[in-house]
Structures are given as C-alpha cells and as structure tokens.
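A.B. asks: Protein chains in written order, with the numbering used here: chain A, 1 to 266; chain B, 1 to 252. Below is the structure I would like to discuss, written out as structure tokens.
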Amino acid sequence: MPASKPAAALLAPFTTIGRAIIAMFAAVGRVAMFAGRALGRAVTPPYYPARFFEQLAYIGWFSLPVVGLTAIFTGAALAQQIYTAGSRFSAQSTVPAVVVIGMVRELGPVLVGLMVAGRVSSAMAAEIGTMRVTEQLDALTTLRTDSYRYLIAPRLIAAMVALPLMVLAANAIGIFGGWLLAVQKLHFNSAGYLAVTRKYMSFDDFQMAMVKAGVFGFFIALMGCYHGYRTSGGAAGVGNATRNAVVSAFVLILASNFLITAMVFG
Amino acid sequence: MAAQPKILLTDVTKEFAGNVVLDGLNLAIEPGESMAIIGQSGSGKSVTLKCILGLLRPDSGSIRIDGAEVVGLRGGAQDRMRAKFGMLFQGSALFDSLPVWRNVTFGLTQGRRVDGTRMRAIAEENLERVGLDKRVLNLRPSELSGGMQKRVALARAIAPRPEIIFFDEPTTGLDPIRADVINDLIVSLVDDLGVTALTITHDMASARKIAHRVAMLYQGKIVWIGPRDRLYDSGNPYVDQFVQGRAEGPIT
Numbered sequence: 001m002p003a004s005k006p007a008a009a010l011l012a013p014f015t016t017i018g019r020a021i022i023a024m025f026a027a028v029g030r031v032a033m034f035a036g037r038a039l040g041r042a043v044t045p046p047y048y049p050a051r052f053f054e055q056l057a058y059i060g061w062f063s064l065p066v067v068g069l070t071a072i073f074t075g076a077a078l079a080q081q082i083y084t085a086g087s088r089f090s091a092q093s094t095v096p097a098v099v100v101i102g103m104v105r106e107l108g109p110v111l112v113g114l115m116v117a118g119r120v121s122s123a124m125a126a127e128i129g130t131m132r133v134t135e136q137l138d139a140l141t142t143l144r145t146d147s148y149r150y151l152i153a154p155r156l157i158a159a160m161v162a163l164p165l166m167v168l169a170a171n172a173i174g175i176f177g178g179w180l181l182a183v184q185k186l187h188f189n190s191a192g193y194l195a196v197t198r199k200y201m202s203f204d205d206f207q208m209a210m211v212k213a214g215v216f217g218f219f220i221a222l223m224g225c226y227h228g229y230r231t232s233g234g235a236a237g238v239g240n241a242t243r244n245a246v247v248s249a250f251v252l253i254l255a256s257n258f259l260i261t262a263m264v265f266g
Numbered sequence: 001m002a003a004q005p006k007i008l009l010t011d012v013t014k015e016f017a018g019n020v021v022l023d024g025l026n027l028a029i030e031p032g033e034s035m036a037i038i039g040q041s042g043s044g045k046s047v048t049l050k051c052i053l054g055l056l057r058p059d060s061g062s063i064r065i066d067g068a069e070v071v072g073l074r075g076g077a078q079d080r081m082r083a084k085f086g087m088l089f090q091g092s093a094l095f096d097s098l099p100v101w102r103n104v105t106f107g108l109t110q111g112r113r114v115d116g117t118r119m120r121a122i123a124e125e126n127l128e129r130v131g132l133d134k135r136v137l138n139l140r141p142s143e144l145s146g147g148m149q150k151r152v153a154l155a156r157a158i159a160p161r162p163e164i165i166f167f168d169e170p171t172t173g174l175d176p177i178r179a180d181v182i183n184d185l186i187v188s189l190v191d192d193l194g195v196t197a198l199t200i201t202h203d204m205a206s207a208r209k210i211a212h213r214v215a216m217l218y219q220g221k222i223v224w225i226g227p228r229d230r231l232y233d234s235g236n237p238y239v240d241q242f243v244q245g246r247a248e249g250p251i252t
C-alpha cells in the first residue's frame, strides 16, 4: 500500500539518503570490478610492453618538469615558513629537519599525486572517452583486441611504476629547494644544513612515501581510465568524464594519504 | 536442401530502459549475399549489427552464424566468431594515435608491434585495393580527408580477409561523388573477396548499388524485404514513404 502524503513527505529525506548510499555502493562496486578486470588482464598474456613504455614516458618523463617546478618552490616556501615561524621560539635550526620530513612524508607524495592527477587523469579520461564516443572502443572489440588489456592495464601498471620514481625525484628537488633558500637567503651554513638533513632522512619515511606514490599512481590511472571508459553522450560526455576523473582522483589521493599516514603513525 | 543462411536472426528482441528497439526481428542472409537494411534513425539498425557482433546482448531470440548460436558466447569462442567479421564504422573509428599502416593491420596484430616490414607490405596491398597509395602509410588519421579515412577504414575491415563485412552508413558525410566511389569500392570488394555483406544505410542510391536485397526495419521489425530493383515499386506503404522521403504516411 502506498504511504499517505504526510508519511511520504516525512520519509522523503530518508529515501534520498538511502538512494545516495545505494548509488555510492553501486559506484564502488563498478570501480572495483573495473579495477579487478584490468589487473587480471595485466598479469596474463598477451602483454603490450610497447604500450606500457609509451605510458611510462608519458606519465613519468613528460610530467617531470611540472613536478620539478612544484617541488622546488614548495621546498623553498616550506623552508621560509619554518624559519619565520621558528624564529618566534628561537627554533630556526629546525628548518632542515622539518623540510626533509615534510617533503618526504607528505608534500612530495601528495603534491606529485595531485599534479600528475591533474595532468594525466584528465588526459586519460579525455582520450579513452573520445575513443568511446567515436566507436574506437567498439572497433577494438571487432578487431578482437581486449580493450582492458590494450588500453587500461598498461596505463595502470605504468602509473604505479612512474609515481614512486617521480616522488623520489620530487623529494630530492624539494629538499634542494629548501637548502637553496636556507643557504642563499637565510644564510645557513651549507655543510651544517646538509648534515641535519641526512640525520633526519629516514628509510622508513622513504618506504612510506613509495607506498603512497604507488597507491596514488593506481588511483590516478584508475579514475582516468574508468571515467573515460564509461563515457557517453558525445563531447559533453567527454567533458564530464574528464572533470569526474580529476575530482575523484584528487579525493582518493587525499583520502588514501590520510589512511596510510594514520595506519603508520596512528 | 536449401543452403544454410550465413546469418540467421530469429525473434531477436532488445530494449533499453523500457524502450523496445528490436521487437522480434527475423532476418536471414545467404552466403555471398549483400543485404542492405534501411530505416529511420533510431529504428534499431545499428543495434542489430551490434547484437550480431556480440557488442550488445539481445534480451531474447537467437542469432546464428553458419548455423552456430552466437548469443551468449564468451572468451575464445566469441573471439573465433568475431574473426569471421570485418566492420566499417560510420565515423571510420580509426585509431588516432596510430599511423595508417598500423590501423590497417590492427586486426592481424591485435595492436602488437610485430613483424613491421611484413605488416607494412600488407597495409600497402590493402590500401591499393581501396585506391590509396603508399604515401599515406605513415600519415595519422587526422591528416586524411573524410573520404580517405573511409577508404583506410575499409582497408582495415578487409585486411584480415573476413567472411562477413558490415558497413555502417558507409556514405554518411561524403559528397555524392565520393559516396559513389565508396559504393563502387564496396561492390568490387564484396564481389572480389566473395564475402557476405550487411549494410545499414539511409542512402537509397547506396542501398540500390551495394545490395542484392534490401530490408526495411520499422519499430524493431522487418516490414519489407525484397530485391533491390523492387525498392521503388515495393507496394509497401512504409517503404514507399521512406524511399520517397514523404512526411505523410504510416511512418510517424
């Protein structure tokens, strides 16, 4: 029996919330199935090594300039902030320690993740989405080529390999940026600064940064590919897919960063 | 005993969110025959092709290729079935990121970078069949005109020497002269290669030139089927209205 009008009005907020929760679980399920299918194809032949190396170059090598610039400015700004804040408590000497810890544990992985997500997730979603609306994905299928194997798996694996390497580079460049500012502007002793940096550089922190980078790489490629693959509705659909890919990659990077940090230090 | 149809669709139905697109479709195409399906936009022509190719799964009914049921095929069996097909897509659907010669040989390599010298030779031979020379081998699809893209897509469709070729609106977007060139190419390829062909089109000139028989699809059913010479005197009110392009008639 249908609910009476007042009862229906009373239930409306719960209905809306319930629908949203069901839709969220359905979306998580679809993404999980998509990821599982792609990873399954990644570990079984036939493989596409040329596609993997193309993606590795695109995601890694060609993102290096933007990542390098971000890291050097962030390292330098961090050094300046710590120096200014530390001077209130006569704690200026903490600059090298905070720069190395801040870059390696948080800023390096997160900034690289966000920069690469902006550059790569959007491009993947746009490329695969355009392939969807121009029937190129159907053409792949009729030419007996598994689109997960040919398009998705190489991108996922390449992003998971490229991100840790880029985070390593970003950490080094960020620490260099902090050192440059400290020595040139704040008149730190170079040898002393480097000695403190080495002292606070921990293998465990690097290990955590690499884990974060691998996870971020996976999410960046997954969101780009997933939203591109599910594109519908022509040019507007490609635009929506691109936006959704970037936004969801950002959210997943920040959420997983928190979870990994909480698990390690919690 | 009559020869087994190459493609046989029996009572095929397909709906999308309550919208019935195919409503008990029945169609038989003989080996070596060229069939054209005409009908309004949204009448289910492309859905029919996609159901046969396994890109969409019908809600009910049977689709047989060489007598073997293909609805529900998966994995290797579906792959072997698809090896029988070539497809010319409406917008050509060439892979933007690959040069012309890799596009043409994609069906032979499944995108793997193998045997480059031999593949280039195969691409050259197939491009020659569609009236293009080797100067286009290294060009990207975006560097070609619409007509040339159609020819490259045609070369890609025939390169693996399929038994059946589907043509989805092969002349859409082309001027009448280029459209006729593509029609001639299709006729000669179908004759030379001895393939079974299924074309969906709005272009009556194309249907009359390419096909041995023409079928009219309306509201998910075949409402008329007959030889191409009868297209303009079919005696069927739906076909008459469609081929004459009249707004008045049973098609609303």
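Glycine included, each C-beta is placed from N, C-alpha and C at the ideal position.
Quick one: which residues of the segment 26-48 of chain A get their C-beta closer than 7 Å to a C-beta of chain B? List them in chain order.
C.D. replies: Taking 7 Å as the Cβ-Cβ cut-off against chain B, the residues of the segment 26-48 of chain A that qualify are P46, Y48.
A.B. asks: Compare the C-alpha of G194/B against each of K209/B, I210/B, I164/B and name the closest.
C.D. replies: In the second sequence, counting from the first residue as 1, residue 194/B sits at position 194. Answer by Cα proximity: I164/B.
A.B. asks: Can you tell me the Cα-Cα spacing of F73/A and L186/A, whole angstroms?
C.D. replies: For this step, residue 73/A is matched to residue 73 along the first sequence. For this step, residue 186/A is matched to residue 186 along the first sequence. Those two C-alpha atoms are separated by around 16 Å.
A.B. asks: Looking only at its chain, what residues have a beta carbon closer than 7 Å to the beta carbon of V243/B, apart from the 5 residues adjacent to it on each side?
C.D. replies: Along the second sequence, one-based indexing puts residue 243/B at 243. Cβ neighbours of V243/B beyond the five flanking positions: M204, L231, Y232.
A.B. asks: When the cut-off is 9 Å and only beta carbons count, does Y150/A lie next to chain B?
C.D. replies: Position 150 of the first sequence, counted from the start, is the residue given in the question as residue 150/A. Yes, Y150/A lies at the interface with chain B (some Cβ there is under 9 Å from its Cβ).
A.B. asks: Where does D233/B fall in DSSP's three states?
C.D. replies: For this step, residue 233/B is matched to residue 233 along the second sequence. Note: D233/B maps to helix in three-state DSSP.
A.B. asks: Applying a beta-carbon distance threshold of less than 8 Å, which residues of chain A neighbour A83/B?
C.D. replies: One-based indexing of the second sequence puts residue 83/B at position 83. The contacting residues are R144.
A.B. asks: Using a Cβ-Cβ cut-off of less than 9 Å, list which residues of the segment 122-143 of chain B approach chain A; keep chain order.
C.D. replies: Listed in sequence order: no entries.
A.B. asks: Which residues in the same chain as A157/B place their Cβ atom closer than 7 Å to its Cβ, once the five residues preceding and following it in sequence are excluded?
C.D. replies: Counting from 1 along the second sequence, the entry for residue 157/B is found at position 157. Answer for A157/B: G86, M87, L88, I165, listed in chain order.
A.B. asks: List, in chain order, every chain B residue whose beta-carbon is nearer than 9 Å to that of E106/A.
C.D. replies: Taking the first residue of the first sequence as position 1, residue 106/A is located at position 106. Those within 9 Å of E106/A in chain B number zero; the least Cβ separation is about 36 Å.
A.B. asks: Using 8 Å as the threshold, is the segment 56-65 of chain A in touch with the segment 126-144 of chain A, meaning 3 or more CB pairs across them?
C.D. replies: The segment 56-65 of chain A, when compared against the segment 126-144 of chain A, does not touch it at the 8 Å Cβ threshold.
A.B. asks: Compute the Euclidean distance between the alpha carbons of I22/A and V28/A, then round it to the nearest angstrom.
C.D. replies: Here residue 22/A corresponds to residue number 22 of the first sequence, with the count starting at 1. Here residue 28/A corresponds to residue number 28 of the first sequence, with the count starting at 1. Their Cα atoms are separated by approximately 10 Å.
A.B. asks: Does DSSP put M201/A in a helix, a strand or coil?
C.D. replies: Taking the first sequence and counting its residues from 1, one reaches residue 201/A at position 201. Three-state DSSP puts M201/A in coil, outside helix and strand.
A.B. asks: For L111/A and chain B, any beta-carbon pair shorter than 9 Å?
C.D. replies: Taking the first sequence and counting its residues from 1, one reaches residue 111/A at position 111. Cβ-Cβ to chain B under 9 Å: no for L111/A.
A.B. asks: Would you report the Cα separation of I175/A and R144/A, rounded to the nearest angstrom?
C.D. replies: Position 175 of the first sequence holds residue 175/A. Position 144 of the first sequence holds residue 144/A. I175/A and R144/A: Cα-Cα distance of roughly 49 Å.
A.B. asks: Could you name the residues of the same chain whose beta carbon sits closer than 8 Å to that of E30/B, not counting the 5 residues immediately before and after it, in chain order?
C.D. replies: Residue 30/B sits at position 30 when you count from the first residue of the second sequence. Correct list, in chain order: A3, P5, K6, T196.
A.B. asks: Determine, using beta carbons only, whether D115/B comes closer than 9 Å to chain A.
C.D. replies: Here residue 115/B refers to the residue found at position 115 of the second sequence. No, because no Cβ of chain A sits closer than 9 Å to the Cβ of D115/B.
A.B. asks: Under 9 Å Cβ-Cβ, which residues of chain A neighbour D191/B?
C.D. replies: Stepping through the second sequence from its first residue, residue 191/B is reached at position 191. What D191/B touches in chain A: nothing, since even the nearest Cβ is about 23 Å away.
A.B. asks: Spell out whether any CB of chain B is found under 9 Å from the CB atom of T130/A.
C.D. replies: As a working note, residue 130/A is residue 130 in the first sequence. For T130/A, the answer is yes, since a Cβ of chain B falls inside 9 Å of its Cβ.
A.B. asks: How would you call K150/B, buried or exposed, if buried means at least 16 neighbouring beta carbons within 10 angstroms?
C.D. replies: Start at 1 with the first residue of the second sequence, and residue 150/B comes out as number 150. That one is buried.
A.B. asks: For G224/A, which residues in the same chain have their Cβ closer than 6 Å to its Cβ, ignoring the five residues on either side in sequence?
C.D. replies: For the purposes of this step, residue 224/A is taken as residue 224 along the first sequence, with counting starting at 1. The residues are S121, M124, A125, A245.
A.B. asks: Along chain B, in chain order, which residues have C-beta atoms closer than 7 Å to that of Q322/A?
C.D. replies: This structure gives no information on residue 322/A, because the portion of chain A shown stretches from 1 to 266.
A.B. asks: Run through DSSP, which three-state label would E69/B get?
C.D. replies: Counting from 1 along the second sequence, the entry for residue 69/B is found at position 69. Reduced to three states, the DSSP call for E69/B is strand.
A.B. asks: Tell me the DSSP secondary structure of Y48/A in three-state form.
C.D. replies: As a working note, residue 48/A is residue 48 in the first sequence. Looking at Y48/A - three-state DSSP - the assignment turns out to be coil, as it is neither helix nor strand.
A.B. asks: Go through its chain and collect everything with a Cβ distance to R213/B's Cβ below 6 Å, but skip five positions before and after it.
C.D. replies: Indexing the second sequence from 1 puts residue 213/B at position 213. The residues are M35, P227.
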